[in-house]
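Protein chains in written order, with the numbering used here: chain A, 271 to 596; chain B, 64 to 400.
Okay, structure first, notes after.
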């Protein structure tokens with residue numbers, strides 16, 4: 271990725287009259303962190319970057335905006351929001367358009383073809399983080415870690431994020447500006463994580479999820495980071511009626527996690543953010559990828575690839591296969 | 064106060080002697096370490112940096128039933144706390160957090176739930192030999208071998224643990240295992256000093272807290288709050304995994320034939336936090352909520368209890384999904400002052 275071109279493009283976009291601000295990635299405060307950043311002028315574009323550490327799906331910020339009541343006489347800034355997207359992130363934007371969560375003309379999408387991002391926890395196991403922010407680059411399919419002027423080669427297999435192993439859309443499916451050349455689409459690996467669960471007996475599955483959900487602290491980072499969990503009135507926040515109790519225990523935690531999984535069926539675009547941010551290390555990716563696989567296999571539906579598609583959960587076809595209904 | 068030595072080979076015997084008490088210690092078979100009750104015959108392992116989830120919930124459960132009653136019977140049942148507990152291997156920062164939070168629970172009303180648990184618990188700390196990357200305890204009044212809040216401090220000296228008792232509770236615990244221990248010699252004291260100094264030098268992140276408590280209110284409308292909170296997702300990771308965050312909410316919950324009044328953790332990062340019945344919220348966006356998190360720790364708590372409500376454990380930095388870094392925020396605060 272040519273960072274000069276990226277910053278130049280960002281500066282051009284952010285200075286456009288019809289653009290309010292741009293959401294991108296910048297160097298984090300230490301180690302392998304990269305931080306989302308809101309850029310409002312050309313000068314701010316100078317700190318933007320795109321690297322294998324840019325795991326964060328910025329599409330979340332399209333719907334996370336909090337609007338304060340405006341002072342009398344002041345009008346809402348209705349200009350567009352520009353944002354950088356990887357392949358998976360672009361599917362989130364597409365799905366938001368499908369669901370009327372955002373309008374196509376409200377966003378400027380800058381696409382970044384992505385050969386795959388790094389699981390920073392795996393990387394830190396091999397090369398402990400330092401206080402100084404590290405730099406990682408792509409080297410074809412592999413990665414290079416630049417550490418104190420020294421370049422270390424990192425084989426793809428050793429540090430690639432799990433979600434990228436199954437990725438079928440490394441190139442943005444929607445964009446206004448595409449940076450650099452498209453990357454070659456690799457044959458996705460078999461989803462060993464989902465298979466591991468499917469191979470368990472019902473009792474084993476229950477034990478597996480009981481163990482994990484018991485550790486959930488209900489911080490809701492999975493919900494908040496999810497670009498497609500954007501209901502203004504989430505059932506989890508309802509007090510009257512209280513659909514899910516505030517008590518943190520296995521029963522309520524399971525209600526929460528399963529409600530989220532079902533609400534995302536046919537909508538989850540498998541960006542893996544929920545699993546990445548979970549402080550309790552719950553393998554949420556396996557749960558959501560399983561639901562995505564069910565929808566794909568049973569209905570042949572893939573969310574977030576066609577902005578003109580009908581939303582899966584709002585669609586009905588008389589010839590839907592019904593062989594799994596009792 | 065006494066100093067004793069425990070050969071690491073005798074560690075399982077040490078655990079075995081602590082019968083009749085509920086022991087919490089880091090555990091997790093090949094998985095992530097968490098503080099969990101030690102099962103009989105199990106030997107907790109102490110080779111760890113720190114747990115991601117702090118041991119806060121042992122004294123301050125995330126959900127605490129204050130009382131319950133059954134349908135048709137208005138007799139209130141108040142859970143009785145009487146089990147003596149030991150928390151084994153908590154880090155000095157997490158022990159300091161307990162002594163800091165205790166001030167709040169002893170403030171205008173003595174909180175019976177917290178204080179009963181506090182009375183029944185013996186805190187056995189483990190000094191840090193290998194502080195984490197984002198540890199900054201030394202900037203906020205702590206240190207790798209701080210004894211504040213602890214009853215007994217253990218220091219890893221390689222093949223032995225040095226046990227220093229701090230309080231009568233610590234002495235009592237040492238008493239129950241004394242045939243396993245030997246008097247500490249001067250050499251081991253020197254080893255401890257060296258280990259603690261070395262650990263202190265490894266802590267590279269620092270926060271300058273001078274004038275911050277007085278200065279923060281002056282920065283109420285400073286643009287820095289917008290800047291540092293812009294990418295905040297509004298999740299509860301930083302507060303729920305903070306050993307000193309202690310905000311709670313009270314809810315009445317029902318389940319078939321039982322009703323409970325529960326106290327549960329709350330987080331100032333949530334939209335629901337301080338939401339008034341009228342629909343008004345004095346902290347309407349993440350900007351105000353982030354500002355509250357920093358002010359509460361570094362200003363309000365200092366005003367009220369004369370101590371910073373942050374122990375520098377680094378968890379909020381390690382686990383923030385979007386790299387909001389409290390050390391960096393405080394650097395910007397200092398810059399703006």
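Backbone N, C-alpha and C define an ideal beta-carbon position, used for all residues, glycine too.
I'd like the list of long-range same chain contacts for residue 269 of chain B, defined as Cβ closer than 7 Å, with 5 residues on each side in sequence excluded. 199 and 202
With 16 other Cβ atoms within 10 Å as the buried cut-off, status of residue 452 of chain A: exposed
Can you tell me which residues form a DSSP beta bridge with residue 99 of chain B? B:88
If we call anything under 8 Å between Cβ atoms a contact, is residue 207 of chain B one with residue 155 of chain B? yes
Interface partners of residue 230 of chain A on chain B, CB under 7 Å: Nothing can be reported for residue 230 of chain A, as the shown portion of chain A is limited to 271 through 596.
Using the Cα positions of residue 248 of chain A and residue 535 of chain A, report the straight-line distance between them to the nearest angstrom. As shown, chain A starts at 271 and ends at 596. That puts residue 248 of chain A outside it, with no answer to give.
Between which two residues does the alpha helix (DSSP H) carrying residue 504 of chain A extend? No alpha helix (DSSP H) contains residue 504 of chain A, which DSSP labels as neither H nor E.
Does the beta carbon of residue 334 of chain A sit closer than 8 Å to a beta carbon anywhere in chain B? yes
Opposing strand residues paired with residue 306 of chain A [DSSP bridges]: A:295
Three-state secondary structure (DSSP) at residue 555 of chain A? helix
Comparing alpha-carbon positions, which option in B:281, B:260, B:108 and B:302 lies nearest residue 360 of chain B? B:302
For residue 293 of chain B, which residues in chain A fall below 7 Å Cβ to Cβ? 308
Applying a beta-carbon distance threshold of less than 9 Å, which residues of chain B neighbour residue 602 of chain A? In the structure as shown, chain A begins at 271 and stops at 596. Residue 602 of chain A is therefore absent and cannot be evaluated.
Residue 561 of chain A, DSSP secondary structure in three states: helix
Within this structure, are the beta carbons of residue 302 of chain A and residue 323 of chain A separated by less than 8 Å? yes
Based on the DSSP secondary-structure assignment, which residues constitute the bridge partners of residue 126 of chain B? B:327
Quick one: Cα of residue 398 of chain B to Cα of residue 194 of chain B, how far? 27 Å
With a Cβ-Cβ cutoff of 8 Å, do residue 309 of chain B and residue 98 of chain B count as a contact? no
Going by DSSP in three states, residue 224 of chain B sits in which element: helix, strand or coil? strand
Own chain, CB closer than 8 Å to residue 229 of chain B, minus 5 neighbours either side, in chain order: 64, 210, 213, 214, 215 and 216
Can you tell me whether residue 271 of chain A is buried or exposed, with buried defined as 16 or more other CB within 10 angstroms of its CB? buried
Which complete beta strand (DSSP E) runs does the stretch 218 to 290 of chain B hold, if anything under 3 residues is left out? 223 to 228 and 244 to 246
For residue 393 of chain B, three-class secondary structure by DSSP: helix
I want to verify the contact list: residues of chain B whose CB lies under 8 Å from the CB of residue 549 of chain A, in sequence order. 115, 116, 300, 303, 304 and 382
Would you mind telling me which residues of chain A sit closer than 7 Å to residue 267 of chain B, beta carbon to beta carbon, in chain order? 401
The beta strand (DSSP E) with residue 408 of chain A in it runs from where to where? 405 to 409
Range of the contiguous beta strand (DSSP E) that encloses residue 275 of chain A: First-last for residue 275 of chain A: 273 to 284, but that is the alpha helix (DSSP H), not the beta strand (DSSP E).
Give the residues of chain A in contact with residue 385 of chain B, contact being defined as C-beta atoms less than 7 Å apart. 305, 306 and 326
In its own chain, which residues sit with a C-beta less than 8 Å from the C-beta of residue 266 of chain B, not counting the 5 before and 5 after it? 194, 198, 199, 200, 201 and 207
Rounded C-alpha distance that separates residue 426 of chain A from residue 461 of chain A: 17 Å
Starting from the C-beta of residue 359 of chain A, find all residues in its chain whose C-beta is less than 7 Å away, skip the five residues before and the five after it, and write them out in chain order. 327, 328, 329 and 541
Delimiting residues of the alpha helix (DSSP H) encompassing residue 480 of chain A: 472 to 484
Please list the residues of the stretch 359 to 389 of chain A that have a C-beta atom closer than 9 Å to any C-beta atom in chain B, keeping them in chain order. none
Euclidean distance between Cα positions of residue 296 of chain A and residue 575 of chain A: 27 Å
Measure the CB-CB distance between residue 492 of chain A and residue 548 of chain A and report whether it falls below 8 Å. yes
So who's on the other strand from residue 66 of chain B, going by DSSP bridges? B:227
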